[in-house]
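A short write-up of the structure that comes next.
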Amino acid sequence: MYQPIVRHPAVAEEFYPSDAGKLDALISGLFAGEEVPADGKRVKAVIAPHAAYRFSGAVSAKAYAPLAGHSVRTAFIMGNAHSYLFDGIAVDSHETWESPLGKVPVDCDLGRRLTSGAEGLVHELDIAHHCDHVLEVQMPFLQHQLKPGFSIMPMLFGKCTTETHRAAADIIISVLADDDLIVASSDLSHYPAYRDASNIDRTTLEFMSKMDIDALDRHTEEIRQRKIKGAMSAFCSPDAVKTLLEIARRLGWKAGEPAYRNSGDAVHDDRMAVVGYGALAFYEP
156 MYQPIVRHPA VAEEFYPSDA GKLDALISGL FAGEEVPADG KRVKAVIAPH
206 AAYRFSGAVS AKAYAPLAGH SVRTAFIMGN AHSYLFDGIA VDSHETWESP
256 LGKVPVDCDL GRRLTSGAEG LVHELDIAHH CDHVLEVQMP FLQHQLKPGF
306 SIMPMLFGKC TTETHRAAAD IIISVLADDD LIVASSDLSH YPAYRDASNI
356 DRTTLEFMSK MDIDALDRHT EEIRQRKIKG AMSAFCSPDA VKTLLEIARR
406 LGWKAGEPAY RNSGDAVHDD RMAVVGYGAL AFYEP
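The letter at position 188 of the sequence shown is residue 343 when you use my numbering, and the numbering goes up by one with no holes.
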């Protein structure tokens with residue numbers, strides 16, 4: 156009997172519970188009290204964080220709450236790689252990804268379309284996905300919120316040019332179906348003090364909401380030039396986020412109200428060096 160090639164969890168127990176019952180209870184608790192918008196607008200994309208759930212899970216729930224009960228064909232899950240160096244964009248050739256909540260198929264046919272039509276920008280590179288947490292931590296939220304039957308398209312961005320997000324947007328739009336979903340996985344500022352992080356991150360989310368990539372780039376450069384104590388970056392998946400924003404801008408999507416907190420809001424956590432977490436959903440007009 157044929158057994159599909161499975162990408163097994165790499166960060167279960169470190170970032171979220173490895174026990175299915177405990178994980179389901181945790182995620183259900185995070186969604187408790189979250190209201191699903193009643194306006195009927197379809198969510199087309201979300202930006203969500205990727206830290207351990209005790210830090211960023213509440214913000215992730217804000218991102219995914221509007222997707223409750225949605226039917227999705229393929230969820231494009233994008234982020235900048237955190238564990239392996241490579242050029243371009245890496246898709247994964249495993250046939251399924253597994254979390255404690257079960258297995259989800261990878262849209263392998265779509266992956267072949269992406270790699271064949273991307274002029275070398277998109278390529279299969281399983282090792283890039285092997286132990287990276289950036290996309291994996293999105294899986295349980297998708298499984299909890301979406302109707303069963305969806306597939307995923309994992310895409311990690313490596314070393315990219317300043318124009319990569321435009322080329323990536325071209326490629327994704329060329330294959331994007333009306334019932335697809337795009338997820339950009341990114342945390343916000345890294346390691347400034349609590350108050351500095353809040354100021355940096357709220358401006359970052361403002362420009363993301365406006366889909367203003369140029370302003371976002373200027374903001375990122377300003378953070379570097381100001382040399383704010385501890386601040387290493389404004390957000391950690393620039394290519395994935397800018398690709399989503401480019402697609403959203405071209406297709407006329409509208410951003411919802413952003414949600415925010417940082418690691419300093421976790422119980423007993425350090426407020427001298429924090430990481431910011433933001434959530435943002437994009438809707439059809």
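Think of the CB as a built atom: it goes at the ideal place given N, C-alpha and C, for glycine as much as any other residue.
Fair warning: this is a prediction, and the values are worked out from it, not measured in the lab.
Quick one: does residue i have its CB under 8 Å from some CB of chain D?
i, result
"THR270", "Absent here is chain D; the protein component of the structure consists of one chain."
Does DSSP classify residue i as helix, strand or coil?
i, result
"SER306", "strand"
"ARG197", "coil"
"LEU311", "strand"
"ASP242", "strand"
"SER364", "helix"
"LYS384", "coil"
"GLU253", "strand"
"ILE232", "strand"
"SER248", "coil"
"ALA167", "strand"
"LEU371", "helix"
Considering Cα atoms alone, identify which of the options is closest to residue i.
i, options, result
"CYS391", "VAL430, ARG404, VAL261, LEU280", "VAL430"
"LEU256", "ASN417, GLY176, LYS199, ALA187", "GLY176"
"PRO172", "LYS199, TYR208, LEU185", "TYR208"
"LYS384", "THR359, TRP252, MET363, ARG426", "ARG426"
"ALA332", "PHE296, ALA322, MET308, GLY313", "MET308"
"THR359", "LEU435, GLN298, ALA348, ARG321", "LEU435"
"GLY419", "LEU371, ARG373, PHE437, ASP351", "ASP351"
"ALA421", "GLY212, GLY184, ARG197, HIS205", "GLY212"
"MET387", "ARG416, SER344, GLU361", "SER344"
"PHE186", "HIS299, HIS374, ASP394, HIS163", "HIS299"
"SER183", "ILE327, ALA403, PRO295, ARG416", "PRO295"
"SER238", "SER254, LYS196, ALA165", "ALA165"
"ASP281", "GLU274, LYS302, TRP252, ARG268", "TRP252"
Using a Cβ-Cβ cut-off of 8 Å (strictly less than) and excluding sequence neighbours within five positions of residue i, which residues of its own chain qualify?
i, result
"THR441", "The structure shown does not extend to residue 441, since the chain is modelled only from 156 to 440, so the question has no answer here."
"SER271", "none"
"ALA236", "ALA245, ALA283, ASP287, VAL289, LEU311, PHE312, GLY313"
"ALA428", "TYR346, PRO347, ALA348, GLY385"
"GLU250", "PRO159, ILE160, VAL161, PRO260, VAL261, CYS263"
Give me the DSSP bridge partner(s) of residue i.
i, result
"ALA223", "None; ALA223 has no bridge partner."
"PHE437", "ALA200, ALA410"
"HIS345", "VAL430"
Excluding the 5 residues flanking residue i on each side, which residues of the same chain have their C-beta closer than 7 Å to its C-beta?
i, result
"LEU400", "MET363, MET366, ILE368"
"HIS278", "GLY243, ALA245, THR270"
"ALA370", "PHE362"
"VAL191", "ALA220, PRO221, ALA223"
Can you list, in chain order, the residues of its chain whose CB lies under 6 Å from that of residue i, leaving out five sequence neighbours each side?
i, result
"VAL201", "ALA218, VAL338, ALA436"
"THR398", "HIS320, ALA323, ALA324"
"GLN293", "ILE232, VAL338, SER340"
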